[in-house]
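Colleague: Residue numbers (the UniProt record's numbering): 1 to 600.
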Ligand code: F1P
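(1) Do you know offhand how far residue 257's Cα is from residue 474's?
(2) Identify whether residue 385 lies in helix, strand or coil by the three-state DSSP scheme.
(3) Count Cβ pairs between the region 230-238 and the region 195-203 that sit closer than 8 Å; are there 3 or more?
(4) Which runs of the beta strand (DSSP E) spanning at least 3 residues fall entirely within the region 440-507, listed in chain order?
(5) Residues bridged to residue 229 by DSSP?
(6) In this structure, what does DSSP give as the bridge partners for residue 324?
(7) Between the region 165-185 and the region 209-218, are three or more C-beta pairs nearer than 8 Å?
(8) Under 7 Å from any heavy atom of the ligand F1P, by CB: list those residues in chain order, please.
(9) Does the structure place the region 65-74 close enough to the region 85-94 that three or more beta carbon pairs sit under 8 Å?
(10) Using beta-carbon positions only, say whether residue 528 and residue 514 come within less than 8 Å of one another.
(11) Do the region 92-99 and the region 122-133 touch if we need at least three Cβ pairs shorter than 8 Å?
(12) Contact between the region 131-150 and the region 553-571 is defined here as three or more beta-carbon pairs at a separation below 8 Å; is this criterion met?
(13) Taking 8 Å as the cut-off, decide whether the C-beta atoms of residue 492 and residue 590 are in contact.
(14) In the DSSP assignment, find the beta strand (DSSP E) that holds residue 168 and state where it starts and stops.
(15) Alpha carbon to alpha carbon, how far is residue 287 from residue 277?
(16) As a quick exercise: from 478, 469, 456 and 413, pick the residue whose alpha carbon is nearest that of residue 445.
(17) Please report the straight-line C-alpha distance between residue 1 and residue 483, rounded to a whole angstrom.
(18) By alpha-carbon positions, which one of 60, 17, 93 and 140 ends up nearest to residue 374?
(19) Determine the burial state of residue 189: buried for a count of at least 16 other Cβ atoms within 10 Å of its Cβ, exposed for fewer.
(20) Taking residue 536 as part of the alpha helix (DSSP H), name the residues at either end of that continuous run.
(21) Excluding the five sequence neighbours on either side, which residues of its own chain have a C-beta within less than 8 Å of the C-beta of residue 17, listed in chain order?
(22) Please confirm whether residue 542 and residue 570 have their CB atoms less than 8 Å apart.
(23) Have a look at residue 203 and residue 230 and give me their C-alpha separation to the nearest angstrom.
(24) Residue 378 lies in the alpha helix (DSSP H); which residues open and close that run?
(25) By how many angstroms is the C-alpha of residue 441 removed from the C-alpha of residue 45?
(26) Is the separation between the beta-carbon of residue 532 and that of residue 568 shorter than 8 Å?
(27) Using a Cβ-Cβ distance cut-off of 8 Å, determine whether residue 14 contacts chain C.
(28) Using only CA atoms, which one of 458, 423, 427 and 426 lies nearest to residue 651?
(29) For residue 507, which of 48, 176, 110 and 534 has the nearest alpha-carbon?
(30) Which one of 170, 594, 43 and 332 has the shortest CA to CA distance from residue 357?
(31) Can you list, in chain order, the residues of its chain whose CB lies under 8 Å from that of residue 658, leaving out five sequence neighbours each side?
(32) Is the region 263-281 in contact with the region 358-366, if contact means three or more CB pairs nearer than 8 Å?
(33) Across the region 163-170 and the region 49-58, are there enough close Cβ pairs to call them in contact, namely three or more that are closer than 8 Å?
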């Protein structure tokens, strides 16, 4: 069993009503990873495996509904049937997926995949995505728009212009993003066109209740109205608890994986019902969910090689070098997404972990087209890698080739050869349908060029179906999440299981940062918030101007700063000035060690 080192009670400790009772599940710290900051690469991978296994834990009749709970499976069926209706009569209709950060990126990934499936069947696309901050947020952290409910409403209205029927699927792992709350509110106000669906991973009563500037609703009040409407299937809530994230609040991990699973299950069921005469049934949904559970087991059955990758990436980051993902086809986007999340999650530079896609924006096919004019960060094609990165690669940099045997493997060989001239620290992560020997020779070449190879052969025979690609994608997501998270843990970016160096770029993260300071300094909330503001504005005394500004102003300023939370913590614990705190952190750039030295 996944996570066999842990007893069932350790796996379920977070479910106790006494466990961090003031926090929603998505913000709690996971008891399984308390010591992740001091763990070896192999222990880190085992901890991540155990955390991921919590996604599929059965409901025991206690506190929370889970992924496999009857209510969740039933709602998935109901939503799939709504999608089926639209697929059968698509005129003037749309299915919209929307979210912020990772949730928006997954909305893009999933809508692209399912529109492609429709085009292959000679049908027009019916899916569309909205991401807070627009397409640049697909590749970079744009967290301020997440706080804007009006912007959410407007951007939804814009994509739905002229539509008579819209199924709106809003994703907010923490049931917290004002952008999504605004969109759901808009749906509730216009029920003749919009049916709202909410995907997230907290029980409804834990939805965020913070007032939204200029609005009469909160996320929670919207959820409460949706709960009422859900009784008559006029709204739907898909919100199983999947346990706290391995790194507290890092919803890109289980939150993202579960979002991908749930929405693929719903849309695949609707496609099967529409195009293959396979009606949506409770059992078909359940079996599909179980297939994803097997994907977890298959992926982690290779935890030794995942550990090697974490080690290599960790070593690169530790010595100030970089990790590059070179992706092909379906899996390339997962690489981009994983890389783009390292900046807001770990305060990383965009060059630390970077993804490149074969075919660049042509392959991405995003609404706004190529974004290269926005700067180097947005140069994502393999050609960009060859020009911008390859010339300065050394053995200290780690490069991962990420592909499947349905991609053009000869191109992988070509690039692998070129990379190998600069660094031996080259690794392959690939998927193959069991029995598919078409690229065997090229693969032999790649194996010889690479230091390690993570090969996953899947049992469904040589033909690759859409659903196998979904499994390969999830598997790749788990591996890359492990690599980038593990590497940053090894670099010392995590204290216990908290992202101490988190960017404070929206109100959710501002509240999280204040809470973290309270927890680590044991000082009252008001003092912690003061210290945070001083670090954000780089002042030793707060002015009236600062204290009378709102959280949005604070987070916009924080977006231009680095190491805000560590600085605030040093000041709180020592009473020193910001300058002194800064030089302390310069002397000890490993944040975990700086914090530990202060706390001991
Ligand atoms: C959305 C999100 C996360 C990101 C960061 C800020 O969260 O952008 O994807 O990693 O935590 O918030 P949610 O609305 O899905 O909970």
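Ideal placement from N, C-alpha and C gives every residue a C-beta, glycine not left out.
Predicted model, so just to flag it, every value in this text is computed and none were measured.
Modeller: Checking against the coordinates, here is how it stands:
(1) The straight-line gap from Cα to Cα measures roughly 7 Å.
(2) Correct three-state label for residue 385: helix.
(3) The answer is yes - the region 195-203 touches the region 230-238, with three or more Cβ pairs under 8 Å.
(4) Fully enclosed beta strand (DSSP E) runs of 3 or longer: 452-458.
(5) Bridge partners of residue 229 according to DSSP: none are assigned.
(6) Beta-bridge partners assigned by DSSP to residue 324: 354 and 399.
(7) Output reads yes: the region 209-218 touches the region 165-185.
(8) Every residue passing the under-7 Å Cβ criterion appears here: 26, 99, 100, 101, 102, 103, 143, 146, 171, 172, 173, 174, 176, 177, 180, 200, 249, 250, 251, 252, 255, 341, 344, 345, 506, 508 and 509.
(9) At 8 Å Cβ cutoff, the stretches do not touch.
(10) Yes, these two residues count as a Cβ contact at 8 Å.
(11) Contact check between the region 92-99 and the region 122-133: three or more CB pairs, one atom from each, fall below 8 Å, which counts as touching.
(12) These segments touch.
(13) Cβ atoms of residue 492 and residue 590: closer than 8 Å.
(14) Its beta strand (DSSP E) spans residues 165-171.
(15) Between the alpha carbons of residue 287 and residue 277 lies a gap of roughly 17 Å.
(16) With respect to the C-alpha of residue 445, the residue from 478, 469, 456 and 413 having the closest C-alpha is 413.
(17) With a pLDDT of only 43 at residue 1, under 50, the local geometry of the prediction cannot be trusted, and no value is derived from it.
(18) Scanning 60, 17, 93 and 140 for the CA closest to the CA of residue 374 turns up 140.
(19) Classification for residue 189: exposed.
(20) Here the alpha helix (DSSP H) through residue 536 covers 525-537.
(21) Correct list, in chain order: 63.
(22) Not a contact, by the Cβ cut-off of 8 Å.
(23) If I take the Cα positions, the gap works out to 15 Å.
(24) In the DSSP assignment, residue 378 falls outside any alpha helix (DSSP H) and carries neither an H nor an E.
(25) Spanning the two alpha carbons is a distance of roughly 31 Å.
(26) Yes, Cβ-Cβ distance for residue 532 and residue 568 is below 8 Å.
(27) Protein chain content of the structure displayed is limited to a single chain, and chain C is not contained in it.
(28) Residue numbering for the chain in the displayed model covers 1 to 600; residue 651 lies beyond these limits and cannot be assessed.
(29) For residue 507, the nearest C-alpha among the options comes from 176.
(30) Distances from the alpha-carbon of residue 357 to those of 170, 594, 43 and 332 put 332 closest.
(31) For the chain, the structure presents residues 1 to 600; residue 658 sits outside this window and is missing.
(32) At 8 Å Cβ cutoff, the stretches do not touch.
(33) They do not touch, by the three-pair rule.
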